[in-house]
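*Asks:* The following block contains the structure, expressed as structure tokens.
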Amino acid sequence: MRISPGLSSILRNFGFLLGSQMLTTLIGCGYAILLARLLGPDLYGTLTYGYSWYLTFITLTYLGLDMVLAREVGRDPARAPSLAGSTLALRAAIATLVAILSAVAGCVFEPNQTARPLILVLSGALLGRAIWLWCSSAFVAFEVTRRQLPIDLFFRPLEFVIVMLTLWFLAPQNILAIGIIHATLWWMQAAVGVFIVARKVTRIDFTGLSAKALRLIGTGVPGAIYTMTVTWFLQAPIVLFRQIAGVGDTLGHFALSMQITGYLLTIPYLVGSVALPVLSRSAVRDDGKTRSAARAMLVAIPAVGAALSLLGTWLAPSLTSLVFGLEYLQAGRILGEAIWLLIPISLAIGLQQVLFSCRANLGLASIFSIVGIVAMVALYAPLARAFSYHGALLATGIGMSIWAGGIALALVTAGILSRPPRDSLAGVAQGNLP
211 MRISPGLSSI LRNFGFLLGS QMLTTLIGCG YAILLARLLG PDLYGTLTYG
261 YSWYLTFITL TYLGLDMVLA REVGRDPARA PSLAGSTLAL RAAIATLVAI
311 LSAVAGCVFE PNQTARPLIL VLSGALLGRA IWLWCSSAFV AFEVTRRQLP
361 IDLFFRPLEF VIVMLTLWFL APQNILAIGI IHATLWWMQA AVGVFIVARK
411 VTRIDFTGLS AKALRLIGTG VPGAIYTMTV TWFLQAPIVL FRQIAGVGDT
461 LGHFALSMQI TGYLLTIPYL VGSVALPVLS RSAVRDDGKT RSAARAMLVA
511 IPAVGAALSL LGTWLAPSLT SLVFGLEYLQ AGRILGEAIW LLIPISLAIG
561 LQQVLFSCRA NLGLASIFSI VGIVAMVALY APLARAFSYH GALLATGIGM
611 SIWAGGIALA LVTAGILSRP PRDSLAGVAQ GNLP
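Counting from 1, position 62 in the sequence shown corresponds to residue 272 in the numbering used here; the numbering is continuous, with no gaps.
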């Protein structure tokens, strides 16, 4: 079987990015297991709530710049240094403002004396992590994701070791110490990432930034809404649940189940990220292969997702209590239902990449993503109060389904799905990607 250059690029960069993300995920899982056992549901829930708080705010720093960088570098490599400098400067400036906003909001709206200082510390982590996320997007855009793996291989185990040593010997059950370590290491990782990009990937040109800023922000709005939507659907439910259930064991169980669901979303999210530059080249050639990819997603994601979700519903309670301890059996029951959320959000993520590559109907997709978020927020409190976590998951699922359905509608109205189909699944199997 002959593998085309485009498919080879996707597979190669996906392999390195998957390796990096799997390393982060595996360490994160081990980290979560030990933290959950050492802290207990109460403190673990508060810690995860703090993480969800700043990760919800960090989406405001994206501005869709990662999508702009991936698409424009694929279309016009000669502009790479200018694009790198402009997107980095914008990301850093916005991240500074958002970090301040996160800290102020924490002081005003969070009354809990344990959670409030944690939010302040993690707001400092926000800036460092935002800059590292820019570095990660640069590695993807320039199709050199092999540069990311060694950095993650160093910093993620380092955080794990330092936190465990701190909890065992210096500050047992001190979640503020965990937050300080977390923030410090993200700043260090960001500095290393920028250095590697500048030395090994592309020159970073900051000239003419003011003239490019508004154009880049305008171009990136659909991508910004997309990234914010993905993160809010995964992180905002935890923040909202805390407002209804308060801090305590119940929050810990719900937070752990949503955290595991986010880990399981890693593979579809990464496939979409590394496919965007290749799909963009295909869209420029108008060879119809983006349509084939969209049709394949519509068939494969629901089918595979349903099968895996049925298996997860059966195994989640026993596996969660086995891994995290019997006190987390309730988290396993919640996870058995939460895992079904992967179907609509994975479908939305995959189809959105096709829209980005074709630059078609992005406004309609953005409207539906906003409607989905608004629907989740509007339904969350009444459903959660009436049905506890069942209602919280139902509200989240309704919002995700509105988003996925809206993207499918955008593809149809743009003519991407409505033209005569090719044998998409066979094409993918034979390596017929750009």
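All C-beta atoms, glycine included, are put in the ideal place defined by N, C-alpha and C.
It should be emphasised that the depicted structure is a prediction, and the values quoted were computed from it without experimental measurement.
Is the CB-CB distance between Ile555 and Leu475 below 9 angstroms?
*Replies:* Result yes, Cβ atoms of Ile555 and Leu475 sit closer than 9 angstroms.
*Asks:* Taking a contact to mean a Cβ-Cβ separation below 9 angstroms, would you say Gly255 touches Val457 in this structure?
*Replies:* Contact flag set, yes.
*Asks:* For the 8 angstroms Cβ check, are there 3 or more pairs between the segment 332-340 and the segment 261-269?
*Replies:* Short answer: they touch.
*Asks:* Helix, strand or coil for Ala620, going by three-state DSSP, please let me know.
*Replies:* Helix, per DSSP.
*Asks:* Taking Glu183 as part of the alpha helix (DSSP H), name the residues at either end of that continuous run.
*Replies:* This structure leaves residue 183 out entirely; the chain is present only between 211 and 644.
*Asks:* Could you pull out every residue in the same chain whose Cβ sits closer than 7 angstroms to the Cβ of Leu635, ignoring the five residues on either side in sequence?
*Replies:* Confidence at Leu635 is low in this model, with a pLDDT of 41, below 50, so its placement is unreliable and the value that follows should be read with caution. Excluding sequence neighbours, Leu635 sits near Ala506, Val509.
*Asks:* So, is Ser528 buried or exposed, given that buried needs 16 or more other C-beta atoms within 10 angstroms?
*Replies:* Exposed is the call here.
*Asks:* Can you check which of these residues, Pro432, Met610, Ala591, is closest to Tyr272 by C-alpha distance?
*Replies:* Comparing Cα-Cα distances from Tyr272 to each of Pro432, Met610, Ala591, the minimum goes to Pro432.
*Asks:* I think Leu565 touches Ile617, with their Cβ atoms under 8 angstroms apart; what is that distance to the nearest whole Å?
*Replies:* About 7 angstroms; that satisfies the 8 angstroms criterion.
*Asks:* If you follow the alpha helix (DSSP H) that Tyr590 is part of, which residue opens it and which one closes it?
*Replies:* Start and end: 572-597.
*Asks:* Rounded to whole angstroms, how far is the Cβ of Gly274 from the Cβ of Thr471, which I believe are closer than 8 angstroms?
*Replies:* So it is not a contact: roughly 24 angstroms between Cβ atoms.
*Asks:* Which residue's Cα is closest to the Cα of Ala558: Ala280, Ile268, Ile435?
*Replies:* The shortest Cα separation from Ala558 among Ala280, Ile268, Ile435 belongs to Ile435.
*Asks:* How many Å lie between Pro592 and Tyr259 at the Cα?
*Replies:* Rounded to whole angstroms, Pro592 to Tyr259 spans 21 angstroms at the Cα level.
*Asks:* Does the contact criterion of 3 or more C-beta pairs under 8 angstroms hold for the segment 293-303 versus the segment 371-378?
*Replies:* No: the two stretches stay apart, fewer than three of their Cβ pairs being nearer than 8 angstroms.
*Asks:* Take the Cβ of Phe349 as the centre, count every other Cβ of all protein chains shown within 10 Å, and call the residue buried at 16 or more, exposed below.
*Replies:* So Phe349 ends up on the buried side.
*Asks:* Alpha carbon to alpha carbon, how far is Ile549 from Ala294? Give it in angstroms, no decimals.
*Replies:* Their backbone Cα atoms lie some 37 angstroms apart in a straight line.
*Asks:* My understanding is that Ala585 touches Ile612, with C-beta atoms under 8 angstroms, so please give their C-beta distance in whole angstroms.
*Replies:* Right, their Cβ atoms sit about 6 angstroms apart.
*Asks:* Do Ile237 and Val533 come within 9 angstroms of each other at the CB atom, strictly closer than that value?
*Replies:* The answer is no: Cβ separation not under 9 angstroms.
*Asks:* Looking only at C-alpha atoms, which of Thr530, Gly546, Gly542, Phe416 sits nearest to Ala517?
*Replies:* The option with the nearest alpha carbon to Ala517 is Gly546.
*Asks:* Should Gln383 and Leu249 be called a contact, given that it needs their Cβ atoms to be closer than 9 angstroms?
*Replies:* Yes.
*Asks:* Quick one: what does DSSP say Thr271 is sitting in, helix, strand or coil?
*Replies:* Three-state result, Thr271: helix.
*Asks:* Quick one, are the C-beta atoms of Phe464 and Tyr599 less than 9 angstroms apart?
*Replies:* Yes, these two residues count as a Cβ contact at 9 angstroms.
*Asks:* From the DSSP output, in three-state form, read off Ser634 for me.
*Replies:* At Ser634, the pLDDT of 43 sits below 50, so the modelled position is not reliable; the number obtained from the coordinates is stated separately. It is helical.
*Asks:* At the level of alpha carbons, what is the spacing between Tyr560 and Gly522?
*Replies:* At residue 560 the sequence reads Gly, which differs from the Tyr that was named. Gly560 and Gly522: Cα-Cα distance of roughly 22 angstroms.
*Asks:* Could you tell me the distance, in whole angstroms, from the CA atom of Ser292 to the CA atom of Thr355?
*Replies:* Near 20 angstroms, if we compare the C-alpha coordinates of Thr355 and Ser292.
*Asks:* Would you call the CB atoms of Leu298 and Phe416 closer than 9 angstroms?
*Replies:* Against a cut-off of 9 angstroms, the Cβ pair of Phe416 and Leu298 comes out as a contact.
*Asks:* Only counting the same chain, and skipping five residues up and downstream in sequence, which positions put a Cβ closer than 8 angstroms to that of Asn322?
*Replies:* Once the five neighbours on either side are set aside, the close Cβ partners of Asn322 are Thr256, Val457.
*Asks:* Does Tyr272 get closer than 9 angstroms to chain C when you measure Cβ to Cβ?
*Replies:* Annotation note: the requested chain C is absent from the structure, which comprises a single protein chain.
*Asks:* Excluding sequence positions up to five away, which residues of its chain have a Cβ less than 6 angstroms from the Cβ of Trp344?
*Replies:* The answer, listed in chain order, is Leu298, Arg301.
*Asks:* Between Leu363 and Leu233, is the Cβ-Cβ spacing less than 9 angstroms?
*Replies:* Going by C-beta atoms, Leu363 is nearer than 9 angstroms to Leu233.
*Asks:* Report back the beta-carbon spacing between Gly609 and Phe443 to the nearest angstrom; my notes put them in contact at under 8 angstroms.
*Replies:* Their Cβ separation, rounded to whole angstroms, is 7 angstroms, which keeps Gly609 and Phe443 in contact under 8 angstroms.
*Asks:* Starting from Gly546 and walking both ways along the alpha helix (DSSP H), at which residues does that stretch end?
*Replies:* That run of the alpha helix (DSSP H) goes 539-548.
*Asks:* In terms of alpha-carbon separation, which member of Ala602, Arg543, Ala624 lies closest to Ser567?
*Replies:* For Ser567, the nearest C-alpha among the options comes from Ala624.
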